[in-house]
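In full-length UniProt numbering, the protein residues as written are 1 to 481.
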Ligand code: NAD
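Here it is as structure tokens:
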């Protein structure tokens with residue numbers, strides 16, 4: 001059984017006597033690797049190496065730092081299929097979705113190559129008579145990235161290039177549930193000429209994260225994960241006076257109006273709700289539909305959900321792939337049981353599919369009708385293949401219901417009315433908004449991030465926002481006598 005290693009100062013470190021976690025193949029339920037849980041001393045050693053590397057890395061001109069990104073980009077492109085196979089193996093998502101994930105990571109690398117332009121400051125010649133002012137951007141120092149299980153390539157590739165191209169050195173703490181692909185990403189980084197210590201991997205869970213949060217030499221934390229952890233990270237990082245951004249949980253609503261093109265809309269909702277087993281922070285988990293067309297929409301959703309193919313990620317045309325762990329599946333099943341108890345109308349029951357599989361963490365798509373904001377299945381993030389339908393009288397009520405959620409990552413409207421789409425755009429409280437778009441994921445040059453309890457922080461991910469997050473400014477006032 002492979003035991004994963006930390007990568008510190010350019011060397012792989014064995015931590016075979018630490019506490020360990022199991023990494024599973026969710027399609028078979030087999031343990032495929034073990035991951036060590038770094039201690040505070042392990043983190044300390046890695047921070048020291050990252051700090052040593054920072055002393056010279058921050059002086060490397062940004063154009064040269066960018067050339068490492070170009071080198072890495074070519075290697076990741078070359079390994080696109082192999083990385084995607086690893087994602088499917090340790091996460092369970094379909095190979096098609098894994099390829100799409102790797103492609104989103106590649107786009108981040110491509111955009112990070114624009115760092116010389118994005119790092120520019122601004123100047124004004126005459127702020128007062130004979131006085132000029134300019135600001136420059138500088139790196140922060142040693143920074144840390146803490147990533148979730150559901151995008152083991154994309155999210156590390158939203159962190160690595162931006163953290164280092166701006167001149168910082170990085171400790172990356174991948175999810176202990178899907179650490180293998182991230183390890184592979186760093187092995188590939190070794191094929192570039194990147195100096196040792198610029199990127200380091202430290203494995204672990206809560207204790208490792210606590211050590212990162214408390215470490216005085218770590219300047220900033222970028223985190224993505226569930227809402228309770230995000231709140232904890234945000235509060236604790238602030239306690240230690242660190243810069244922090246914490247991308248959090250979601251409950252994305254899709255509003256369907258009576259003038260929507262139902263065929264593509266329903267198809268899009270089904271994919272957004274059930275692909276990846278619903279384990280996406282941009283997954284659609286609630287449909288808010290006008291009463292006038294609700295019966296037809298529910299019937300179509302039910303028919304589509306029943307037709308969806310449940311299976312492992314390498315199967316042709318698979319729709320619903322397994323959940324990450326048995327315990328997570330049990331949690332999702334608990335929500336389905338709870339929905340039934342709360343008297344939501346169970347239209348399609350995904351629990352039935354569990355019996356078809358002897359091994360693996362499978363769960364079929366579930367659809368509930370007549371869900372209300374009083375129910376837990378509406379209020380909480382389930383992060384599984386469970387779709388709730390809320391019936392409303394009109395657009396105004398649809399927006400009101402959507403805005404009542406404590407989460408506000410993404411929101412979508414399906415309509416042919418420009419006026420309705422405009423009202424939705426202006427009134428909806430969400431960070432990423434779509435009009436007839438199934439997953440309104442921003443491409444690499446637009447900022448990613450939600451509102452309310454879906455994001456704690458001020459500066460988003462990717463592009464200009466990433467440069468802003470990973471740099472600080474120095475404003476220089478100059479006068480010549
Ligand atoms: P998680 O919160 O369990 O774990 C995320 C990271 O935090 C992991 O690296 C984990 O080791 C660490 N962690 C977990 N518990 C901790 C604790 N108590 N103290 C300190 N560190 C801890 O999240 P997950 O299950 O890996 O990921 C799924 C969640 O992430 C979902 O809620 C999903 O919505 C969210 N997510 C959000 C976005 C976004 O951009 N908003 C993107 C992807 C996933």
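Where is the CB? At the ideal position from N, CA and C, for every residue including glycine.
The structure displayed is predicted, hence computed values, not measured ones.
Cβ of residue i within 8 Å of Cβ of residue j?
| i | j | result |
| --- | --- | --- |
| residue 462 | residue 158 | yes |
| residue 385 | residue 273 | yes |
| residue 313 | residue 93 | yes |
| residue 80 | residue 102 | yes |
| residue 390 | residue 371 | yes |
| residue 221 | residue 239 | no |
| residue 320 | residue 256 | no |
| residue 42 | residue 15 | yes |
| residue 470 | residue 168 | yes |
| residue 195 | residue 12 | no |
| residue 291 | residue 392 | yes |
| residue 69 | residue 165 | yes |
| residue 38 | residue 202 | yes |
| residue 26 | residue 357 | no |
| residue 142 | residue 457 | no |
| residue 184 | residue 83 | yes |
| residue 388 | residue 368 | yes |
| residue 224 | residue 152 | no |
| residue 252 | residue 284 | yes |
| residue 172 | residue 145 | yes |
| residue 344 | residue 375 | yes |
| residue 373 | residue 404 | yes |
| residue 262 | residue 472 | no |
| residue 156 | residue 182 | yes |
| residue 254 | residue 399 | no |
| residue 350 | residue 176 | no |
| residue 359 | residue 28 | yes |
In terms of alpha-carbon separation, which member of the options lies closest to residue i?
| i | options | result |
| --- | --- | --- |
| residue 150 | 164, 163, 180 | 180 |
| residue 322 | 459, 242, 258, 90 | 90 |
| residue 200 | 475, 128, 46 | 46 |
| residue 414 | 268, 353, 468 | 268 |
| residue 250 | 239, 167, 377, 271 | 377 |
| residue 88 | 350, 311, 162, 441 | 311 |
| residue 498 | 99, 203, 114 | The structure shown does not extend to residue 498, since the chain is modelled only from 1 to 481, so the question has no answer here. |
| residue 107 | 460, 9, 445, 466 | 445 |
| residue 198 | 50, 467, 404 | 50 |
| residue 293 | 285, 3, 260 | 260 |
| residue 67 | 128, 111, 207, 27 | 111 |
| residue 3 | 34, 74, 27, 216 | 34 |
| residue 163 | 262, 115, 286 | 115 |
| residue 206 | 233, 109, 122 | 233 |
| residue 464 | 23, 76, 120 | 120 |
| residue 467 | 142, 48, 161 | 161 |
| residue 74 | 436, 263, 82, 109 | 109 |
| residue 352 | 424, 185, 359, 363 | 363 |
| residue 394 | 424, 366, 380, 24 | 424 |
| residue 287 | 113, 397, 186, 214 | 397 |
| residue 18 | 28, 5, 36 | 36 |
| residue 264 | 436, 178, 332 | 436 |
| residue 62 | 474, 113, 32, 365 | 113 |
| residue 258 | 216, 219, 420 | 420 |
| residue 443 | 231, 117, 472, 104 | 104 |
| residue 481 | 1, 130, 211, 24 | 130 |
| residue 474 | 32, 123, 354, 438 | 123 |
DSSP has residue i in a bridge; who is on the other side?
| i | result |
| --- | --- |
| residue 328 | DSSP, once it has assigned bridges, lists no residue as partnering residue 328. |
| residue 319 | Looking at the DSSP assignment, residue 319 forms no beta bridge with any residue, so it has no partner. |
| residue 30 | 25 |
| residue 451 | 408 |
| residue 255 | 288, 413 |
| residue 158 | In DSSP, residue 158 forms no bridge with anything. |
| residue 245 | 222 |
| residue 12 | 7 |
| residue 468 | None, per the DSSP bridge assignment. |
| residue 122 | 135 |
| residue 475 | 135 |
| residue 200 | 171 |
| residue 388 | 286, 368 |
Does the stretch 302 to 311 come within contact of the stretch 331 to 340, defined as at least 3 CB pairs closer than 8 Å?
Judged by Cβ distances under 8 Å, the stretch 302 to 311 makes no contact with the stretch 331 to 340, as fewer than three pairs qualify.
At a cut of 8 Å, does the stretch 367 to 385 reach the stretch 319 to 335 through at least three beta carbon pairs?
Contact between the stretch 367 to 385 and the stretch 319 to 335 is present, because at least three Cβ pairs lie under 8 Å.
Does the stretch 121 to 141 come into contact with the stretch 184 to 197, if we say contact requires no fewer than three beta-carbon pairs (one atom in each stretch) closer than 8 Å?
Taking a contact to require three or more Cβ pairs closer than 8 Å, the stretch 121 to 141 and the stretch 184 to 197 do not qualify as touching.
Between the stretch 413 to 432 and the stretch 446 to 460, are three or more C-beta pairs nearer than 8 Å?
Result yes; three or more Cβ-Cβ pairs closer than 8 Å.
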